[in-house]
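According to this note's numbering, the first sequence is numbered sequentially starting from 240. The beta-carbon is built from N, C-alpha and C at its ideal position, and this holds for glycine as well. Written out below as C-alpha cells is the structure these notes cover.
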Amino acid sequence: MKNPVIYWFRQDLRLRDLPGLSAALAAGRPVLACYILDEESPGVWRMGGASRWWLHHSLTALGSEIEALGGQLYLTRGRPEGILADLAVQSGADLICCSRQYEPWARQLEEDLHGALGSRGVTLKRYGGSVLWEPDTLSNLAGQPFKVFTPFWRKCRGLPIAPPVAMPELRFGLWQRDIRPADELRDWQLLPTRPNWAQGWEQRWQPGERGAQLRLDEFLHGAVADYDAGRNYPARQATSRLSAHLHFGEMAPARVFHAARSASAANPALEQETEKFLSELGWREFSTHLLYHFPTLPEQAFKADFAAFPWVGGARELRAWQQGKTGYPMVDAGMRELWQTGYMHNRVRMVVASFLCKHLLVDWRAGQRWFWDTLVDADLANNACGWQWVAGSGADASPYFRIFNPTTQGLKFDKAGEYIRCWLPELAALPDKYLHEPWTASAEVLRDAGVTLGESYPLPVVDHRDARNAALAAYADTRR
DNA sequence: TGAAATGTTGGGGCG
DNA sequence: ACGCCCCAACATTTC
C-alpha cells in the first residue's frame, strides 16, 4: 500500500473549496484525515462551551461525509507536535497538509511543528483559503499593516479575488482507514449534560458543510434583498447567520463572496444590498488582518492611553450583565438570547457591549471572555476586534464618547417590542410605551402587566444619565 | 455602525 | 398689524 498523505483538519471543517485538501488528494495517495482537539498548546484559547457544542456536530457531519467516501476521520486530542509526528511514523506519511490559522498561539504551533516534523523528514505544508486575502500579503502605501477599515477594504476591492478552488476529486478509495488508536467523539464530552443548556439548538443550527450551504442559499434568495436596512432589526431574521459556519471553516469565504456576486449580477436591484453584505465579510478580513499584525489584540488595548483606564466595574455589575438582569430591556433581551441560543444579533451585540464597558465600566476583556464562552461563532480575531471597537481602545474604533442609549436603540430598532417580548416574557404584557423603560410605568400599569420591579424584573442597575456622565469623565481623565 | 446639548427657523397663540 | 414668546422641527456642535 502506498504511503498516505495526512490531512490535518483545523478550523476548516469542510471538503469543498479546501486548497490543502485538494493538494493532498492530488498526490494520488490515500489521505489520512485527522482532527486534533488541542487544549494544551501554549497560549491556546481553550474552546468555550457553545463552540464545543458546535464542534461536536460539525465533526459529526464531516466524519460522516468522509465515511460516505470510504474513509474515516481520525480523532485525537493532545499536543499536535507529538501526535502528528507519531501519526506520520505509524502510517509512513512524509507529507502533512493543513490550512493556516492566524491566532498567535496557532502561528507559534505551526512554526514549532515545522521544526519538529522537519527533523524527522516529514514536510508540513500550509494553505490559505480561510480568508479571502492572506494578512501577510496586504499592506498600505507606506508598506505597513492597515489600521483603518476603509482604506483596507478599498485596497482589497481592487485586488482579484481567487475563485473557490475546483471541487477536489473526492473519490472512494483515496482515503486511509483503520488507524488505531483513535478517540470516539463522545469521549470528548463536548455536549452539555447537567444541565443541558443547548436544548433545542439542533432545531436552530445545522453545523457542517451542508448546513452552511443551506443557510447561504436561503439568505441569498431572501433576506439579502433588504440587507442594508433589515439587518438592523433584531426581531427579523435579516442577517446571514453564517458567522459560526465561517469560523469553523464549513464554508470558504471565497464561496460566499462569489455566490453573493453572482446573485447580484443576476439581479442588479440587489447590488447595493450585496455590497453591504460583502463589506461585513470585509470586517472579518480586517479583524484577521489586525490580529495577525498585532497579536496582543485579545490581551491589551491597541491604543496605549487605555492601559490606565479605570475599569471600576466589579463582579456585581458583570454578573447582572451576564444574567440579563441589568433592568434595561434591550440589554437583557440580548444577553438572554445569547445564553439561550449561543448567538446574538449584531445590533444588540453593540448595545450590550457598550453597556458593559461604558455604563458599568467593566473591562472589555471580561465581556470578551463571556462572549468567548457563550457564542457559537466565538472567533479570537472578530471577538477581540469587536470588543476593542466598542470600548474605544481599538484601531479604527468607535469614539469613546459614542455611548449607546439602550432605550433609544430599543425605540429605533424594536419599536413594537417583538424582540424584547421574545426574550423577556416577564415583560410581555407591558404596553409598548413602557416596554423599553419599565420603571416609568405607573404602579397600576405594572400591576396589570404582572410586573413587580425588583422581583419579577430588576430595577435599572445604573441610571443612564449618571452612568453616561461618569464614563465621559473617566475617559477625559485618562486622556489627561 | 450615537446621543445630548446647543443653535436656528418658522408657525401660531396672545396681548 | 405687530412684536413677543413658546415650542416643535430640524441642523449643528460637542462629548
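Spell out the partners DSSP gives residue i in its beta bridges.
i, result
"Thr362", "Leu334"
"Trp440", "Looking at the DSSP assignment, Trp440 forms no beta bridge with any residue, so it has no partner."
"Phe533", "Answer is none; Phe533 lacks a bridge partner."
"Cys273", "Trp247 and Tyr313"
"Tyr696", "Leu692"
Among the options, which has the Cα closest to the Cα of residue i?
i, options, result
"Ala630", "Arg443, Glu556 and Ala710", "Ala710"
"Arg575", "Trp444, Leu599, Pro664 and Pro258", "Pro664"
"Gly566", "Ile305, Arg686, Thr646 and Phe458", "Thr646"
"Ala282", "Gly439, Leu619 and Gly450", "One detail in the question is off: residue 282 reads as Gly in this sequence, not Ala. Among Gly439, Leu619 and Gly450, the Cα nearest to that of Gly282 is on Leu619."
"Glu304", "Leu254, Pro431 and Lys564", "Leu254"
"Leu429", "Leu308, Leu276, Asn585 and Gly693", "Leu276"
"Gly412", "Trp609, Leu509, Gly310 and Pro697", "Gly310"
"Phe545", "Glu512, Pro638, Met569 and His484", "Pro638"
"Phe610", "Glu279, Phe248, Gly287 and Trp247", "Gly287"
"Asp702", "Leu509, Ala712 and Asn644", "Asn644"
"Thr717", "His295, Ala543, Trp444 and Ala680", "Ala543"
"Phe652", "Ala559, Thr691, Ser518 and Arg475", "Arg475"
"Asn471", "Met589, Arg500, Thr527 and Pro568", "Met589"
"Leu409", "Pro549, Met490, Phe388 and Gly267", "Gly267"
"Leu352", "Asn585, Leu666 and Glu320", "Glu320"
"Trp444", "His296, Tyr714 and His532", "His296"
"Ala688", "Asp705, Arg660, Arg704 and Tyr714", "Arg660"
"Trp293", "Ala559, Leu685 and Glu441", "Glu441"
"Ser695", "Leu666, Ala464 and Pro670", "Leu666"
"Glu538", "Ser378, Glu279, Leu459 and Arg608", "Arg608"
"Pro343", "Gly331, Ile642 and Thr535", "Thr535"
"His584", "Cys337, Trp662, Trp678 and Ser369", "Trp662"
"Glu519", "His598, Val463, Asp375 and Tyr658", "Val463"
"Pro384", "Ala636, Phe525 and Arg318", "Phe525"
"Arg704", "Val370, Leu348, Val361 and Ile642", "Ile642"
"Leu599", "Ala554, Gly573 and Val587", "Ala554"
"Glu489", "Ala572, Thr376, His460 and Pro446", "Pro446"
Anyone know if the C-beta pair for residue i and residue j falls short of 8 Å?
i, j, result
"Ala421", "Tyr313", "yes"
"Gly552", "Val601", "yes"
"Leu481", "Tyr341", "no"
"Leu614", "Leu577", "yes"
"Asp325", "Asn242", "no"
"Cys596", "Gly581", "no"
"Arg494", "Asp256", "yes"
"Ile335", "Ala327", "yes"
"His497", "Pro399", "no"
"Gly382", "Glu373", "no"
"Leu271", "Ile245", "yes"
"Ala262", "Lys364", "yes"
"Phe594", "Val570", "yes"
"Pro316", "Trp436", "The sequence as given places Arg at residue 316; Pro does not occur at that position. In this structure, Trp436 does not lie closer than 8 Å to Arg316 by Cβ."
"Ala499", "Phe487", "no"
"Leu308", "Leu356", "no"
"Gln415", "Pro549", "no"
"Leu424", "Thr299", "yes"
"Val700", "Glu556", "yes"
"Tyr466", "Ala477", "yes"
"Lys564", "Pro697", "yes"
"Ala491", "Asp616", "no"
"Ser330", "Arg249", "no"
"Leu485", "Arg449", "no"
"Gln648", "Ala636", "no"
"Cys395", "Gly521", "yes"
"Ala505", "Thr513", "no"
Hey, quick one: how far does the alpha helix (DSSP H) through residue i stretch, first residue to last?
i, result
"Phe541", "Note, Phe541: premise wrong, no alpha helix (DSSP H); not H, not E."
"Tyr466", "Tyr466 to Gly469"
"Trp626", "Leu619 to Ala630"
"Gly649", "Pro645 to Phe652"
"Ser593", "Asn585 to Ser593"
"Val684", "Ala682 to Asp687"
"Gln579", "Pro568 to Thr580"
"Ile418", "Premise fails: Ile418 is in no alpha helix (DSSP H) and is neither H nor E."
"Leu509", "Unbroken run through Leu509: none, as it is neither H nor E."
"Gly259", "Pro258 to Ala265"
"Thr613", "Trp603 to Thr613"
"Leu459", "Glu448 to His460"
"Pro638", "Counting along the chain, Pro638 falls outside any alpha helix (DSSP H), and DSSP gives it neither H nor E."
"Glu304", "Gly288 to Ala307"
"Arg344", "Correcting the residue type first, residue 344 is Trp in the shown sequence and not Arg. Residues Pro343 to Gly357."
Residue i lies in the beta strand (DSSP E); which residues open and close that run?
i, result
"Arg316", "Leu312 to Arg316"
Comparing the CB of residue i with every heavy atom of the ligand MG, is any distance shorter than 7 Å?
i, result
"Leu301", "With respect to the ligand MG, the structure offers nothing, as it holds no ligand at all."
Please give me, in chain order, every unbroken run of the beta strand (DSSP E) with length at least 3 that falls completely inside the stretch 362–396. Runs of the beta strand (DSSP E) lying entirely within the stretch 362–396, each at least 3 residues long, are 362–366 in chain order.
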